[in-house]
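Q:
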Amino acid sequence: MNNDYRFENRKFVVVGIVVGIVLLFIARLFYLQIMNDEYKKHADSNAFLNKTVYPSRGIMYDRNGKLLVSNQPAYDVLVCMRNMKDLDTLSLCESLGITREFFEKRIKDIKNKKLNPGYSFYTDQLFMGQLRTEDFAKFQEQLYKFNGFSIRRRTVRQYEYSVGGALFGDLGEVSKKEMEADDYYVRGDYIGKQGIESYYEKQLRGEKGTEVLLRDAYGRIKGRYMDGAMDVAPVPGKNLTLSLDIELQLLAERLLQNKIGSVVAIEPETGEVLCMASSPSFDPQILVGRQRGDNHRLLSKDKQKPLLNRAIMGTYPPGSTFKTAQALTFLQEGAIEPETSFPCSHGFRYKGLHVGCHAHGSPLPLVPALATSCNSYFCWGLYRMIGSSRFASSQEALTRWKDHMVAMGFGYRLGIDLPGEARGFIPNSAFYDKWYGGRWNGLTIISISIGQGEVTLTPLQIANLGATIANRGKYIAPHVVKEVQGEELDSLYRFPKYTMVDKEHYETVVKGMREAVLSGTCRAANLPGIEVCGKTGTAQNRGKDHSAFMGFAPMDNPKIAVAVYVENGGFGAVYGVPIGALIMEKYLTGTLSEASEQKANDIQQRVIYYGNQER
Amino acid sequence: MAIRNVSLWRSVDWFTIILYLVLVACGWLSICGASYDFGDTNFFSFASNPGKQLVWAGCAIVIGLVLLNIEKKYYEMIAYPLYLAFVLLLAATIFIAPDIKGSHSWLVLGPIRIQPAEFSKFATALALARLLSTYGFSMTKRSDVVKMIAIVVVPMLLIVLQNETGSALVYLSFFLVLYREGMTGSLLAVGVCAVIYFVIGVGQSENMFQNMPVNVGQFVVFLLIPLFTALMTGVYSKRMKRAWGIMLVNLVGTLAAYLFSHFVIPFDICIVQLALCVCTSLYLLFLYLRERYASYLLIALFALGSIGFYFSCNMLIGKLQPHQRMRIEVLLGLKDDPAGVGYNINQSKIAIGSGGLWGKGFLNGTQTKLNYVPEQHTDFIFCTIGEEQGFLGCTFILILYALFIIRIIFLAERQGSNKFTRVYGYSLASILTFHLFINVGMVIGLAPVIGIPLPFFSYGGSSLWGFTILLAILLRLDAERESRF
Numbered sequence: 010m011n012n013d014y015r016f017e018n019r020k021f022v023v024v025g026i027v028v029g030i031v032l033l034f035i036a037r038l039f040y041l042q043i044m045n046d047e048y049k050k051h052a053d054s055n056a057f058l059n060k061t062v063y064p065s066r067g068i069m070y071d072r073n074g075k076l077l078v079s080n081q082p083a084y085d086v087l088v089c090m091r092n093m094k095d096l097d098t099l100s101l102c103e104s105l106g107i108t109r110e111f112f113e114k115r116i117k118d119i120k121n122k123k124l125n126p127g128y129s130f131y132t133d134q135l136f137m138g139q140l141r142t143e144d145f146a147k148f149q150e151q152l153y154k155f156n157g158f159s160i161r162r163r164t165v166r167q168y169e170y171s172v173g174g175a176l177f178g179d180l181g182e183v184s185k186k187e188m189e190a191d192d193y194y195v196r197g198d199y200i201g202k203q204g205i206e207s208y209y210e211k212q213l214r215g216e217k218g219t220e221v222l223l224r225d226a227y228g229r230i231k232g233r234y235m236d237g238a239m240d241v242a243p244v245p246g247k248n249l250t251l252s253l254d255i256e257l258q259l260l261a262e263r264l265l266q267n268k269i270g271s272v273v274a275i276e277p278e279t280g281e282v283l284c285m286a287s288s289p290s291f292d293p294q295i296l297v298g299r300q301r302g303d304n305h306r307l308l309s310k311d312k313q314k315p316l317l318n319r320a321i322m323g324t325y326p327p328g329s330t331f332k333t334a335q336a337l338t339f340l341q342e343g344a345i346e347p348e349t350s351f352p353c354s355h356g357f358r359y360k361g362l363h364v365g366c367h368a369h370g371s372p373l374p375l376v377p378a379l380a381t382s383c384n385s386y387f388c389w390g391l392y393r394m395i396g397s398s399r400f401a402s403s404q405e406a407l408t409r410w411k412d413h414m415v416a417m418g419f420g421y422r423l424g425i426d427l428p429g430e431a432r433g434f435i436p437n438s439a440f441y442d443k444w445y446g447g448r449w450n451g452l453t454i455i456s457i458s459i460g461q462g463e464v465t466l467t468p469l470q471i472a473n474l475g476a477t478i479a480n481r482g483k484y485i486a487p488h489v490v491k492e493v494q495g496e497e498l499d500s501l502y503r504f505p506k507y508t509m510v511d512k513e514h515y516e517t518v519v520k521g522m523r524e525a526v527l528s529g530t531c532r533a534a535n536l537p538g539i540e541v542c543g544k545t546g547t548a549q550n551r552g553k554d555h556s557a558f559m560g561f562a563p564m565d566n567p568k569i570a571v572a573v574y575v576e577n578g579g580f581g582a583v584y585g586v587p588i589g590a591l592i593m594e595k596y597l598t599g600t601l602s603e604a605s606e607q608k609a610n611d612i613q614q615r616v617i618y619y620g621n622q623e624r
Numbered sequence: 124m125a126i127r128n129v130s131l132w133r134s135v136d137w138f139t140i141i142l143y144l145v146l147v148a149c150g151w152l153s154i155c156g157a158s159y160d161f162g163d164t165n166f167f168s169f170a171s172n173p174g175k176q177l178v179w180a181g182c183a184i185v186i187g188l189v190l191l192n193i194e195k196k197y198y199e200m201i202a203y204p205l206y207l208a209f210v211l212l213l214a215a216t217i218f219i220a221p222d223i224k225g226s227h228s229w230l231v232l233g234p235i236r237i238q239p240a241e242f243s244k245f246a247t248a249l250a251l252a253r254l255l256s257t258y259g260f261s262m263t264k265r266s267d268v269v270k271m272i273a274i275v276v277v278p279m280l281l282i283v284l285q286n287e288t289g290s291a292l293v294y295l296s297f298f299l300v301l302y303r304e305g306m307t308g309s310l311l312a313v314g315v316c317a318v319i320y321f322v323i324g325v326g327q328s329e330n331m332f333q334n335m336p337v338n339v340g341q342f343v344v345f346l347l348i349p350l351f352t353a354l355m356t357g358v359y360s361k362r363m364k365r366a367w368g369i370m371l372v373n374l375v376g377t378l379a380a381y382l383f384s385h386f387v388i389p390f391d392i393c394i395v396q397l398a399l400c401v402c403t404s405l406y407l408l409f410l411y412l413r414e415r416y417a418s419y420l421l422i423a424l425f426a427l428g429s430i431g432f433y434f435s436c437n438m439l440i441g442k443l444q445p446h447q448r449m450r451i452e453v454l455l456g457l458k459d460d461p462a463g464v465g466y467n468i469n470q471s472k473i474a475i476g477s478g479g480l481w482g483k484g485f486l487n488g489t490q491t492k493l494n495y496v497p498e499q500h501t502d503f504i505f506c507t508i509g510e511e512q513g514f515l516g517c518t519f520i521l522i523l524y525a526l527f528i529i530r531i532i533f534l535a536e537r538q539g540s541n542k543f544t545r546v547y548g549y550s551l552a553s554i555l556t557f558h559l560f561i562n563v564g565m566v567i568g569l570a571p572v573i574g575i576p577l578p579f580f581s582y583g584g585s586s587l588w589g590f591t592i593l594l595a596i597l598l599r600l601d602a603e604r605e606s607r608f
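Residue numbers (my numbering), protein chains in the order written: chain A, 10 to 624; chain B, 124 to 608.
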């Protein structure tokens, strides 16, 4: 063990290392803390404050260049607790028009980390948001008196017309989930929550800019860094030109007043949505600024659901409007010829099954059957097609039928540029196999031929059916934005899709729809000088029938296709036809005749009572 | 029992205990400073970091008192089983620990998270002490050396596998213990050379000479290799002529190559340097073969090894994990991005620099509070001291640390022939030194950014308990020193 002592002197090396390290550190600290001013200066100006500069949000115009949605300046009042000293609370409250209790509660809430998770003693916190210029002028004058308070310029939406609440959508504070999904957003940012504002959020929002400011150790702004050389200017949001005709939208919403339902009009050639009304509606302006929270709560509690855009979110049985699509399918599949006649004795009667119909001549070929909306005709048609020897089984026949429906834009989302579009429902053979345990035939499912039973469509899909017939077999996916500034539209909205039905069959159906207006169920839609084509719909449901209309005009080279759907409105001719006719007249002639104006007022006044049920 | 306790309290080293308590108290105050956010922060509330740390400290003192009452013979007895148990625990941790920021080092037991790597240090220290104090142990016996190295390296590798490279590097500090116990000093010298090659070779690897295709890092390393080789030749062979000769030939050769490259045709003069280095090695090998003097062989191997080391470093740096590579690169000034990894060091230097001579005063630091400095209450706790207590406060803390470590070395040295306690004491001193060097060095921008805590200061129970256990055992071992004489 003696040799242990040989290395005893090494303890000095170890001690030397320790002392050396400590001396090295002290020397380094001496350099950092005493010799070198640079770090101190850095901290004195306390690095940089990257202040966000918000871009102005894109503006929306209608198809004729009328301003619809623009921006108004608004101001956020911020407070930094650390710098809130010697505050004259009374004069602050007075200048902002708030009570002392409100002030105290607000300060307490800001400090509450549960209510305000981003709270820090040292950084600006939102005291009051989105003040309008008039509320704010007095405060701005006296701002110098209030230590720790500052203002941040924001913009809020300004609407020129009080229609289209659910269509335009609104702006709300970004949620935690949205922040996680997109790095662009930070707490307190605003984001489109519904409608166009939400779908075109990325185009409308622009790019935030930054202002690099110098801040001292007490958090006070000491000016701009390098005179703004490092600043990044915000990029304003892109403006949108909507395909909407605001006059048409105003008329549609007016006609739907006191009723639940929707009106959709499409320009067949382009798929541009000319109007999209959903009733009940609300003034978009009420969801702007400080009162948004309260109003939003009221709207979402309303049993008639005004926040719902029924034109794309409501799914309804299409009723007789669907017969046009059936006629096309049966013709294409050879189940019927235009000349084929079927008997109707107050309905379809076969093997003990009875589907009712109203009184009209019998038997009828296709064109008058469409014009009079004969149920029996289309029941026979479907029965023939499902039982046709062309198909190995009912399943195969129904699959073919379903393929036709899907090609016409049913059963799947059309892909409109709005969030929340519903698919509707087109049953397939697997659905019925499950439903009826595999034992079903044309008779079992006969009601789908007249747009009842399991089939549901959105008003947009019904309008698109009108546009497809108007185009004789093709459609461009409907869209509400005609042009995004400096951007090309999605190819979905530029190139047509084709159905699986030949053009000649469309001509037959157009003839039937024209006949309906001239001598059938849609006579009220017969406008002087315009060849209107139409089809009523009267959809049975649990309550009173829904009143529907689908049509387009003029017959040759159509300019507008319309779908009207009024919940519990009764026969198609009661609400559907006159509303559809007024929309077409307004769009095609630019105005309403005196008689029509009278009719419009009359419809506007009529109230449908829905009771107190949840819709 | 009573008698033993009296003698324990009389023989235990109170000076160390007081230093320990002062350090823990200063640490707690720093955590208060780092966690302080607003006037009504309650330092004693269990919800706040200082409150929790107070509880950890209380527990640490209880643990320390219990360990102080366990006799030395038991520590000697359990040294190996304990070491084995910890090796198994470390291995198990790799598989059962959840992924926390990429590392698998935390065992989660309900609300408590424990890092076994913090506790395996004392087990390793005990095992090493036990091995080195075994009768007949010799640094010259190969089997003993293998055992010795294995005791240090096994837990180290396991911790690397947990993705906690920082904690694993701490085990390198045991080599300082081995040095004190007689490991050859040239190994330490080789280690220093390796660090220099690494820092210069990798650090300057992206700089080129202006007018020729020569890498600055490579050039300097290849210049240093013959210089070190010549130095070693001089020291070990005592034949100064040969040392001068090697140095001259290399310098003149390099100069000639440089001039040729500069004036005639630009080329990579490192090729010439490399050739000169290889020639130098061959010359030393020739000397070894002729004179049969082993030192020549070793020096030749050193020169060749240096070249190999340089190239493998360059290769290896490409294979490191991205965050580790970034940290090394930032330290060496390779990637100076204030918003990236270098941001931490930059902000912590600003925070410390802004402290000045006197500091901004307790709880008055702004840099550490405006969230400029990350991890301010754990790894970057020294920032808060620098900002709030200034140069004087920092110096005080550093001197306190130096005193503490030197006192531990003193305790280790006063054991006479009791090698167990001495090895253990040196282990503690070395571990503390390493932590101090890396942690404070990192904060003031002298050492790489390796996330290891500053003992007694950084927030966290595992670290505080780990070091308290290490210290309590030493105090007990030291208290029993007289009984051996």
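Note that beta-carbon positions come from the ideal geometry of N, C-alpha and C, so glycine has one too.
Only a predicted model underlies this, so the values are computations on that prediction, with no experimental measurement involved.
At 8 Å on the CB atoms, spell out the chain B contacts of PHE39/A, in chain order.
A: Here residue 39/A refers to the residue found at position 30 when the first sequence is read from its first residue. Correct list: PHE514.
Q: Residue range of the beta strand (DSSP E) that ASN80/A falls in?
A: As a first step, residue 80/A must be located in the first sequence, where it is residue number 71. Counting along the chain, the beta strand (DSSP E) containing ASN80/A begins and ends at 76-88.
Q: Where does GLY460/A fall in DSSP's three states?
A: For the purposes of this step, residue 460/A is identified with residue 451 of the first sequence, where counting begins at 1. Three-state DSSP puts GLY460/A in coil, outside helix and strand.
Q: Please report whether the beta-carbon of GLY428/B lies at a distance below 9 Å from any beta-carbon of chain A.
A: Here residue 428/B refers to the residue found at position 305 when the second sequence is read from its first residue. With 9 Å as the cut-off, GLY428/B does not count as an interface residue toward chain A.
Q: Helix, strand or coil: how does DSSP classify CYS284/A here?
A: Within the first sequence, numbered from 1, the residue matching residue 284/A stands at position 275. Looking at CYS284/A - three-state DSSP - the assignment turns out to be strand.
Q: When you compare the CB positions of PHE332/B and VAL343/B, do they come within less than 9 Å of one another, or not?
A: The count along the second sequence starts at 1 and reaches residue 332/B at position 209. The count along the second sequence starts at 1 and reaches residue 343/B at position 220. Going by C-beta atoms, PHE332/B is not nearer than 9 Å to VAL343/B.
Q: Could you tell me the distance, in whole angstroms, from the CA atom of GLY560/A to the CA atom of ALA380/A?
A: In the first sequence, counting from the first residue as 1, residue 560/A sits at position 551. In the first sequence, counting from the first residue as 1, residue 380/A sits at position 371. Going by the C-alpha atoms only, they are around 12 Å apart.
Q: Using a C-beta to C-beta distance shorter than 7 Å, which residues of chain B count as neighbours of ARG19/A?
A: Stepping through the first sequence from its first residue, residue 19/A is reached at position 10. Within chain B, the residues near ARG19/A are TYR302 and ARG303.
Q: Is the CB of LEU33/A under 9 Å away from at least one CB in chain B?
A: Taking the first residue of the first sequence as position 1, residue 33/A is located at position 24. Chain B contact via Cβ: present.
Q: Just tell me which of ASN541/B, TYR302/B and LEU555/B has its CA closest to the CA of GLU199/B.
A: Here the question's residue 199/B lines up with position 76 in the second sequence. Of the candidates ASN541/B, TYR302/B and LEU555/B, the one whose C-alpha sits nearest the C-alpha of GLU199/B is ASN541/B.
Q: Counting contacts by CB-CB distance shorter than 9 Å, is PHE16/A in contact with chain B?
A: Position 7 of the first sequence, counted from the start, is the residue given in the question as residue 16/A. Yes - at least one Cβ of chain B is within 9 Å of the one on PHE16/A.
Q: Leaving out five residues before and five after GLN258/A in sequence, what residues of the same chain have Cβ atoms less than 7 Å from its Cβ?
A: Working through the first sequence from its first residue, we reach residue 258/A at position 249. Same-chain partners within the cutoff: VAL172, GLY173, CYS284 and ALA286.
Q: Near SER290/A, which residues of its chain fall below 8 Å by C-beta distance, leaving aside the five closest residues on each side in sequence?
A: Taking the first sequence and counting its residues from 1, one reaches residue 290/A at position 281. If we look at SER290/A and ignore the five residues flanking it on each side, its Cβ neighbours are VAL172, GLY173, GLY174, ALA175, GLU262, LEU265 and PRO315.
Q: Considering only the beta carbon of each residue, do SER385/A and PRO347/A sit closer than 9 Å?
A: One-based indexing of the first sequence puts residue 385/A at position 376. One-based indexing of the first sequence puts residue 347/A at position 338. No.
Q: How about LEU569/B: is its C-beta nearer than 9 Å to some C-beta of chain A?
A: Position 446 of the second sequence, counted from the start, is the residue given in the question as residue 569/B. Yes, LEU569/B counts as interfacial toward chain A.
Q: Can you give me the Cβ contacts of THR408/A inside the same chain, cut-off strictly under 8 Å, excluding the 5 residues immediately before and after it?
A: Taking the first sequence and counting its residues from 1, the one referred to as residue 408/A is at position 399. Hits under 8 Å: ASN437 and SER438.
Q: Just verifying my parser: in three-state terms, what is the DSSP assignment at GLY150/B?
A: By 1-based counting over the second sequence, the position of residue 150/B is 27. Of the three classes helix, strand and coil, the one that applies to GLY150/B here is helix, per DSSP.
Q: For the structure I just gave you, are there three or more beta carbon pairs, one from the segment 219-235 of chain B and one from the segment 283-295 of chain B, closer than 8 Å?
A: Enough Cβ pairs lie closer than 8 Å, so yes.
Q: Quick check: the Cα distance between SER168/B and GLY174/B, rounded to an integer number of angstroms?
A: One-based indexing of the second sequence puts residue 168/B at position 45. One-based indexing of the second sequence puts residue 174/B at position 51. One C-alpha to the other measures close to 5 Å.
Q: For a cutoff of 9 Å on Cβ pairs, would you count SER553/B as touching chain A?
A: As a first step, residue 553/B is located in the second sequence; it is residue number 430 there, counting from the start. It does; some Cβ of chain A falls within 9 Å.
Q: Does ILE200/A have its Cβ less than 9 Å from a Cβ in chain B?
A: Taking the first sequence and counting its residues from 1, one reaches residue 200/A at position 191. No - not a single Cβ of chain B is within 9 Å of the one on ILE200/A.
Q: Count the C-beta pairs between the segment 320-335 of chain A and the segment 267-285 of chain A that are closer than 8 Å, then say yes if the count reaches three, no if not.
A: The segment 320-335 of chain A is in contact with the segment 267-285 of chain A.
Q: When the Cα atoms are used, what is the spatial distance from LEU340/A to HIS514/A?
A: Locating residue 340/A in the first sequence gives position 331, counting from the first residue. Locating residue 514/A in the first sequence gives position 505, counting from the first residue. Each residue's Cα considered, the two are about 6 Å apart.
Q: Does GLY173/A come out as helix, strand or coil in the three-state DSSP assignment?
A: The sequence position of residue 173/A within the first sequence is 164, counting from 1. Three-state result, GLY173/A: coil.
Q: Can you list, in chain order, the residues of the segment 535-547 of chain B whose Cβ is nearer than 9 Å to any Cβ on chain A?
A: Residues passing the 9 Å Cβ filter: ALA535, GLU536, SER540, LYS542 and ARG545.
Q: Is the beta carbon of TRP151/B sitting closer than 9 Å to the one on LEU190/B?
A: Reading the second sequence from its first residue, position 28 is the one you call residue 151/B. Reading the second sequence from its first residue, position 67 is the one you call residue 190/B. No.
Q: Determine, using beta carbons only, whether ILE430/B and THR356/B come nearer to each other than 9 Å.
A: As a working mapping, residue 430/B is identified with position 307 in the second sequence. As a working mapping, residue 356/B is identified with position 233 in the second sequence. Cβ distance not < 9 Å, so ILE430/B and THR356/B don't count as in contact.
Q: So, with DSSP's three-state summary, where would you put SER226/B?
A: What you label residue 226/B is simply residue 103 of the second sequence in a count that begins at 1. Three-state DSSP puts SER226/B in a strand.
Q: Kindly indicate the opening and closing residues of the beta strand (DSSP E) around PHE209/B.
A: Position 86 of the second sequence, counted from the start, is the residue given in the question as residue 209/B. Counting along the chain, PHE209/B falls outside any beta strand (DSSP E), though it belongs to the alpha helix (DSSP H) covering 195-219.
Q: Counting C-beta neighbours from all protein chains within 10 Å, is the total for LYS364/B 16 or more, i.e. buried, or is it exposed?
A: For the purposes of this step, residue 364/B is taken as residue 241 along the second sequence, with counting starting at 1. Exposed: under 16 other Cβ atoms inside 10 Å.
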